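**Q**
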Amino acid sequence: MASIEYTSPEEFESGYKTLQSTFASNRTKSIKWRKWQLKQLWWLLEQNLDKIVDALHTELNRHAFETLTMEVRGIKGDIVDMLEHIDEWSQGEKPDAGFVFGTLGKAWLRKEPLGVTLIIAAWNFPLYTLLSPMVAAIAAVPGWDVPKGSLLTRAGNCIFLKPSELAPATQALLVDLVPKYLDQSAIRLVTGGPAEVGRMLEFKFNHIFYTGGGKVGRIIATAAAKHLTPVVLELGGQAPVIVTKSADIELAAKRIAHAKLTNSGQVCLNGNHIFADAAVHDRLLERLQFWFDKFLETGNEQFATIINERHFDRIAGLLKSSAGVVVYGGDLDRERKYIKPTIVRDVMTDDSLMSEELFAPIAPVIVADVDRAIRIIRSMPPPLGLYIFSKDQAEIDHILDHTSSGGVTINDLMIHAGVPHAPFGGVGESGYGSYHGKYGFDAFSHTRTVVAPPTWLEVVMSFRYAPFDMKKAKFAEIKSSLVGKPGETMEEQKVGKKVAVSTILRNAVLAVAVLAAADSATGGKLFFVHTMRDVVGKVWRQK
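Residue 264 in the UniProt record's numbering sits at position 264 of the sequence shown, and the numbers go up by one each step.
(1) Go through its chain and collect everything with a Cβ distance to LYS94's Cβ below 8 Å, but skip five positions before and after it.
(2) Quick one: what's got a C-beta closer than 6 Å to ALA97's C-beta in the same chain, skipping five residues either side?
(3) According to DSSP, simplified to helix, strand and coil, what is PHE441?
(4) Answer with buried or exposed for TYR465, where buried requires no fewer than 16 other C-beta atoms within 10 angstroms of its C-beta.
(5) Using the C-alpha atoms, what's the distance from ILE159 back to ILE119?
(6) Run through DSSP, which three-state label would GLU458 get?
(7) For a test of the three-state rule: what should DSSP assign to GLN302, helix, strand or coil?
(8) Terminal residues of the continuous beta strand (DSSP E) containing THR342?
(9) My guess is that THR129 and ASN157 are in contact by the Cβ rule of under 8 Å, so how many angstroms apart are they, rounded?
(10) So within the stretch 183–233, which uninterrupted beta strand (DSSP E) runs reach at least 3 residues, ignoring any that extend past its ends?
(11) If you reduce the DSSP assignment to three classes, tell me which class GLY484 lands in.
(12) Just to confirm my understanding: we take ALA169, look at its own chain, exclude 5 residues before and 5 after, and list those with CB closer than 7 Å. What are they?
(13) Could you tell me which of LYS337, GLY324, ARG375 sits nearest to ALA363, measuring between CA atoms?
(14) Would GLY264 and PHE303 qualify as a contact pair, given that the criterion is a beta-carbon distance under 8 Å?
(15) Out of LEU457, HIS446, ILE478, point me to the one whose CA is closest to TRP89's CA.
(16) Which ranges would you report for the alpha helix (DSSP H) in the stretch 367–452 if only whole runs of at least 4 residues count?
(17) Would you kindly check if the distance between the Cβ of PRO240 and the Cβ of residue 554 is under 8 Å?
(18) Enumerate, from N- to C-terminal direction, the unbroken alpha helix (DSSP H) stretches of 4 or more residues contained entirely within the stretch 50–89.
(19) Suppose only complete runs of 4+ residues qualify. What are the alpha helix (DSSP H) ranges in the stretch 235–280, listed by chain order?
(20) Taking the alpha-carbon positions, what's the PRO420 to ASP442 distance?
(21) Does the Cβ of VAL325 lie closer than 7 Å to at least one heavy atom of the ligand GTP?
(22) For GLU196, I'd like the list of residues in its chain whose CB is within less than 6 Å of its CB, leaving aside the five on either flank, ordered along the chain.
(23) What are the boundary residues of the alpha helix (DSSP H) that VAL178 is part of?
(24) Within 10 angstroms of the Cβ of VAL529, are there 16 or more other Cβ atoms? Answer buried if so, exposed if not.
(25) Keeping to the same chain, check which residues put their C-beta closer than 6 Å to that of TRP42; ignore five residues upstream and five downstream.
(26) Would you call the CB atoms of residue 559 and ILE242 closer than 8 Å?
(27) Name the two residues that bound the continuous alpha helix (DSSP H) containing PRO9.
(28) Hey, how far is the Cα of GLY77 from the Cα of VAL216?
(29) Roughly how far, in whole angstroms, is the beta-carbon of GLY431 from the beta-carbon of GLY406, given that I think they are within contact range, below 8 Å?
(30) According to DSSP, which residues form a beta bridge with TRP108?
(31) Could you compute how far the alpha carbon of THR153 sits from the alpha carbon of SER434?
(32) Report the option in ARG378, ASP369, GLY317, LYS245 whose CA atom is closest to the CA atom of ASP351.
(33) Determine which residues share a DSSP beta bridge with VAL332 and list them.
(34) Please report how far the alpha carbon of ALA225 lies from the alpha carbon of PHE203, in whole angstroms.
(35) At what residues does the beta strand (DSSP E) containing THR117 begin and finish?
(36) Is LYS162 helix, strand or coil when you go by DSSP?
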């Protein structure tokens with residue numbers, strides 16, 4: 001495979017100016033254009049499936065099944081989801097702003113794209129981590145103006161795509177395909193390593209989306225902070241698996257073994273280590289070995305290998321330094337970059353296998369009941385995923401109440417990342433921000449609050465002007481029975497969502513007072529006539 005020449009500083013600066021110019025020109029403002037680009041991306045995938053499968057096999061020895069089900073399917077699902085909802089999500093929204101600001105002030109929320117965006121992908125899923133965020137960035141279109149019922153005039157996001165240089169076959173394929181399918185005036189693919197990315201980060205972007213490790217994530221966040229650029233960081237962490245004494249051990253072993261084999265464990269939200277209750281520990285080890293043997297009975301050729309020698313040596317070093325006991329696997333083939341699934345028992349919290357995210361088909365097992373597992377989890381940075389195998393709901397709730405993670409899957413691993421219309425993202429050192437579905441649309445958009453109070457409301461709003469009159473300050477005073485009584489203890493307070501009658505009456509009195517003032521300001525004309533006229537007119541315009 002021929003090497004790819006990295007994007008030069010001059011090429012990047014030229015592309016940066018092109019994307020800025022495109023954004024300023026409103027070239028990308030129409031939903032029609034955005035839908036067209038999403039459809040073009042669909043056909044980029046559909047018409048090049050064999051090339052995509054070959055590239056990922058070259059990269060990771062990955063089987064076509066994993067590439068099609070875990071990368072291509074995910075991107076195509078995102079495309080269809082956006083095409084189905086882009087019109088709906090682009091609509092302006094009316095907040096629950098109350099009578100004065102909502103009804104009279106006609107407050108509304110405009111959805112506006114952010115501008116020129118940089119998306120930096122990871123090597124373990126080099127296609128999905130680049131193109132799935134791009135789907136959301138493309139879809140973040142101008143919204144509809146609620147009061148006027150017309151399309152806003154701001155342009156949509158323009159996008160720099162930066163594939164991982166550690167996945168050169170995929171990178172080369174994208175260098176070839178992206179210009180053929182996508183509009184180069186608004187979407188550009190750039191290449192480079194750490195030095196090139198460092199130069200790119202000197203430019204001011206309107207948004208940066210990064211998937212990868214925490215070390216580089218910190219570098220990106222620091223560079224973005226210089227320009228106050230918003231960032232979404234999809235990182236990782238040491239995701240724990242808790243197997244309680246009430247767990248279905250057969251199911252737990254089967255699904256843990258499957259996850260550890262997936263992409264050879266190189267998944268940012270994969271289970272990193274296992275906490276097993278002493279009552280089920282030995283049985284779990286036995287069944288893990290059974291399921292690894294079962295999945296490997298046709299050989300290991302269909303399973304992914306480690307991405308490169310550097311990562312292979314890192315994993316091998318951690319395994320060699322471990323004080324735990326290898327009870328299964330441990331075979332290392334550096335020439336093929338293949339590590340056989342490995343189970344390590346008697347692992348302590350200060351073991352080398354607990355020192356960092358493994359990103360490997362290695363399963364360290366720690367004997368721990370639920371409470372000890374929680375204590376250890378709380379002593380570590382919050383992970384991207386948390387996995388609980390239990391049939392006891394009280395036990396599950398206890399774990400959820402006393403831990404933090406980006407997401408949780410119960411009695412399985414990783415599948416919370418695929419829940420439709422639910423956010424996927426980290427917390428703390430596993431990242432911040434989220435995407436998928438509308439959450440991705442919102443990540444690449446700015447929600448702008450607009451309010452347009454009628455000029456005749458001045459008769460009511462004039463209380464705020466100097467010289468100040470403390471009698472008029474009562475007009476802005478807020479009272480509520482929801483705050484309780486002075487001296488009330490925590491146990492004595494009334495907790496609930498019931499709206500107090502006094503609150504309803506106060507709002508009703510306020511509405512009547514405003515209407516009365518409005519009638520007076522308009523010469524005694526019936527205000528409700530004007531209100532009804534506005535409502536009927538709005539409905540008519542929407543038709």
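Heads up, the beta-carbon is just placed ideally off N, CA and C, and yes, glycines get one too.
Only a predicted model underlies this, so the values are computations on that prediction, with no experimental measurement involved.
**A** In short, the structure shows the following:
(1) GLY102, ALA107, TRP108, LEU109, VAL146
(2) These residues qualify, in order along the chain: ALA107.
(3) helix
(4) exposed
(5) 7 Å
(6) helix
(7) coil
(8) 342–345
(9) Between ASN157 and THR129 the Cβ distance is about 18 Å, and since that is not below 8 Å, they are no contact.
(10) 187–189, 207–211
(11) Of the three classes helix, strand and coil, the one that applies to GLY484 here is coil, per DSSP.
(12) MET1, ALA55, THR58, GLU59
(13) GLY324
(14) Note on identity: in this sequence residue 264 is Ser, with Gly being the wrong assignment. Going by C-beta atoms, SER264 is nearer than 8 Å to PHE303.
(15) HIS446
(16) Fully contained in the stretch 367–452 are the following alpha helix (DSSP H) runs of length 4 or more, in chain order: 370–378, 393–401, 438–443.
(17) As displayed, the chain neither begins before 1 nor continues past 543, which places residue 554 out of reach and without an answer.
(18) Runs of the alpha helix (DSSP H) inside the stretch 50–89: 64–67, 73–89.
(19) 249–261
(20) 15 Å
(21) Because no ligand of any kind appears in the structure shown, any question about the ligand GTP cannot be addressed here.
(22) TYR6
(23) 168–181
(24) Because VAL529 sits at a pLDDT of 44, beneath the cut-off of 50, its placement in the model cannot be relied upon, and the point is left open.
(25) Within the same chain, Cβ atoms closer than 6 Å to the Cβ of TRP42 are found at ILE79, the five residues on either side in sequence being excluded.
(26) Because the chain in this structure spans residues 1 to 543, residue 559 falls outside the shown range and cannot be described.
(27) Per DSSP, PRO9 belongs to the alpha helix (DSSP H) from 9–24.
(28) 29 Å
(29) 7 Å
(30) Answer by DSSP bridge pairing, in chain order: VAL450.
(31) With a pLDDT of only 38 at THR153, under 50, the local geometry of the prediction cannot be trusted, and the value read off the model is given with reservation. Between THR153 and SER434, the alpha-carbon positions lie close to 27 Å from each other.
(32) In this structure, GLY317 is the residue among ARG378, ASP369, GLY317, LYS245 with its C-alpha nearest to the C-alpha of ASP351.
(33) According to the sequence provided, residue 332 is Leu. The question's Val does not apply to it. Paired residues: ILE339.
(34) 12 Å
(35) 116–120
(36) strand
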